[in-house]
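Beneath this line is the structure, given in structure tokens, with notes to follow.
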Amino acid sequence: MDVMGDKATLFETGRFVQPSGEEAEADPDVDETGEAAEEVRLRLAADAGDVEAASVLGALLLRRADLDGAEPHLRAATAAGDRAAANNLGVLLHQRGYADEAAGWWRIAAVAGSAAAAHALGRHHRERGDEPAAEYWLRQSAEQGHVLGAYALADLLEHRGDDGAEQWMRVAAERGHREAAYRLARALDRRAAERGALERGAADGAEPGRAGRTAETPGAGTGATGAADRTAAGRRTGAVRDAGPRSGTGLGVPPAEEAEQWYRQAAARGHRRAALHLGAILERRGELKEAGRWYLTSAKDGEARAACALGFLLRDAGDTENAAVWWLRAAQDGDGNAANALGALHAERGQPQTAERWYRAALDAGDVNGAYNLGLLCAEQGRTPQAEQWYRHAAYAGHREAANALAILLLQGGDTTGAEPWFSKAAEAGSVDAAFNLGILYAGRGEDAAALRWYERAAAAGHTEAALQVGIARLRDGDEQDAELHLRCAAGGGSAEAAYRLATVLDARRPRPSAHELGEVVHEKTECEEWYERAASQGHRRAQVRVGMLAAARGDVVEAARWYRLAAEAGSRNGAFNLGLLLVREGSEPEAVVWWTRAAREGHGRAALRLALVYARRGELDEGQRWADRAVTLGPAEVAERAARLRDALRQELTA
């Protein structure tokens, strides 16, 4: 009877997990005639004294919410010792509002071995604050294999910070409980994040300056005179408290990998937040197509954060129209990130009024990025007082990039005293740009030591220009090794000046090459030449001149002329002078004169001397004397000496 009675248990999930609306709808495949016939059979058997039939009939009626019809049958079966009927009678009484009487029947069923009743009784005691009794009965249920008992026990233990919570959460997850699978994944995710933080901390301690740059909100001015870029806020989700040590099937599996497995299981069972987190994991790994599928699944189930994330994926793929559709859906559900994204999208389209409306919606949703973005929008429109107001709003709320932007605004208005505290606040909160801007501020005052400290801090977080400044300072102090390290970081980050300076450091170390001979195989480019070329390709004029010189040394006149011309057209007087030398060798003296004239006017003494010689040779003595005077003034010493002799000779010729 007990076995049959357990099969007749009304809700294995107990009263605590209610069926969804879809589950409550009638199944068209159910044979209602057959069910009615079965009910008639059960009634006849129950009336004849069949305890099992009375228990099953009571469960059937309770499932239909026919409490009045179910109660006599359940009481009759319970009186005959059916533990499943006692459990279901407890469910019925609880639904009627008789919680204490329900607990009495659950206790009877639980003592008789009903795992479902033990679970219900444990939940009853927990609701009343009796945690020891709750733990006792939930443990009884869990140890009998009741999945909800295992989950409820894990929840209770986790609430108390007990290390055994994860074990029971894992048990429930392994038996198909999707919420348990999700919460187990969150705990493992948290552990993986903490482990990663510890490993990064150890690495930072062993080798300072290697930490990657991160920011809560993308976009910020990189200089003391810049302004922050508009962008939507980050869209990452948080983590729950670690539930304790791993056990069971998770042994030997890295927490991050195991977390993904449990997210996948929970998501496959329809858990929308698990689908969101799984999508985020896949997106970080670059598996965007599958990430999009899980975001879509979660978004369709009503998860606003997933709709927002899906919008970002679509935007990154170039589909801004559909991105806007999902952002709108998320924003209407109260997602501040999505509202910010919509604001940025409309701002890019030249619709500032609509953008402002969405930024305000983000702020109303509790997202302080809305105030920051409102500040950016007002600053772009020249509404400086309003921009300052919104920056202050966000900065006082702890938004570090808003504090940096506010400081920049104050600095642009000449309020250095007011700007410094906000730069400091932003820098202390982790703003890399603010740390760099503080360096600029102190350097402008001549406080080089303080400036260097902030440059070093920004450089350690990956700021390219700060690394350049540290490299320059190290070169000035004679620490070439550390200078090279910082210059490499800055050059790798795209700084043309750092690439040029790194090249000069490497160039000074290499042995001088032997003179190029006709027919000699051109040597392969050295590392310093590669850095010169990288800087030159980024428009660095001195690097362009240097690359031209290296090409000329290899006998590649065409390449040398190309680089000299690029530098000269960009305003380099050395490039113009060297281009003139090449043109003269190629027989193009008139064009060479044009470039030497440009160089001489920019203060190049050798170019002025060359012009004096050209005009003297042509017989234009007055013009030659004028350029000779210019060369004497410009120098350097050896040029001035030669130019003085030429000038004196021209004077004698003119007065003869």
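All residue numbers for the sequence shown refer to the numbering used here, where the first residue is -17 and numbers rise by one.
Here a beta-carbon is modelled for each residue, glycine too, at the ideal position from N, C-alpha and C.
All figures in this text were calculated on a predicted structure; none of them were measured in a lab.
Look at the region 119 to 161 and you find these whole runs of alpha helix (DSSP H), each 4 residues long or longer: 129 to 142 and 147 to 156.
Residue burial annotation: Val596 is buried, with at least 16 other C-beta atoms found within 10 angstroms of its C-beta.
Put simply, the backbone Cα of Glu362 is about 37 Å away from that of Tyr514.
For Ala174, the closest C-alpha among the options Glu265, Val235 and Val38 is that of Val235. For the pair Gly72 and Ala84, the CB atoms are nearer than the 7 Å cut-off. Rounded to whole angstroms, the separation of the alpha carbons of Arg523 and Ala590 is 21 Å. Ranked by Cα distance from Arg110, the first of Asp82, Ile90, Tyr482 and Asn386 is Asp82.
Out of Thr399, Gly396 and Glu447, the CA that lies nearest to the CA of Gly421 is found in Glu447. Out of Trp87, Leu49 and Arg57, the CA that lies nearest to the CA of Arg78 is found in Leu49. Rounded to the nearest angstrom, the gap between the Cα atoms of Ile390 and Asp349 is 23 Å.
Sequence-distant partners of Arg456 (beyond 5 residues in either direction) whose C-beta falls short of 6 Å from its own C-beta, in its chain, are Asp464 and Ala465. At a Cβ-Cβ threshold of 7 Å, Ala594 and Trp609 count as neighbours. Excluding residues up to 5 positions away in sequence, nothing lies with its Cβ nearer than 7 Å to the Cβ of Val22 in the same chain. Note on geometry: alpha-carbon atoms of Thr399 and Ala581 lie some 43 Å from one another.
Scanning Ala312, Asn355, Leu345 and Glu541 for the CA closest to the CA of Glu330 turns up Asn355. Non-local beta-carbon contacts of Glu584 in its own chain, meaning distances under 7 Å to residues more than five positions away in sequence, involve Arg555 in chain order. If you look at Thr508, you'll find it isn't in any alpha helix (DSSP H); DSSP assigns it neither H nor E.
Annotation for Glu285: Arg254, Arg255, Ala257 and Leu258 place their beta carbon closer than 8 Å to its own, counting only its chain and skipping 5 residues before and after. According to the DSSP assignment, His445 belongs to no alpha helix (DSSP H), since it is labelled neither H nor E. Within its own chain, the residues whose Cβ lies closer than 6 Å to the Cβ of Ala480, once the five positions on either side in sequence are excluded, are Leu450, Leu469, Ala472 and Ala473, listed in chain order. Straight-line measurement puts the Cα of Leu484 at about 18 Å from the Cα of Glu438. When DSSP states are grouped into helix, strand and coil, Ala248 belongs to the helix group. For the pair of segments examined, the region 598 to 609 was found not to touch the region 555 to 573: the number of CB pairs separated by less than 8 Å stays below three.
When only Cα atoms are considered, Trp150 and Leu170 end up about 14 Å apart. Excluding its 5 nearest sequence neighbours in each direction, Leu139 has C-beta neighbours in its own chain below 7 Å: Gly146, Ala147 and Trp150, listed in chain order. Here DSSP, grouped into helix, strand and coil, assigns Ser570 to coil. The straight-line gap separating the alpha-carbon atoms of Ala533 and Ala543 is approximately 9 Å. Going by C-alpha positions, Ala343 is about 32 Å away from Arg267.
The three-state secondary structure of Gly72, taken from DSSP, is helix. Straight-line spacing of the CA atoms in Leu74 and Thr60 works out to 13 Å. Collapsing the DSSP output to three states places Ala94 in coil. Remark: C-beta atoms of His101 and Leu130 approach each other more closely than 7 Å. By the Cβ neighbour-count rule, Pro618 is exposed, with fewer than 16 other Cβ atoms within 10 Å of its own. Between Ala18 and Ser37, the CB-CB gap reaches or exceeds 7 Å. Secondary structure at Gln363: coil, using DSSP grouped into helix, strand and coil.
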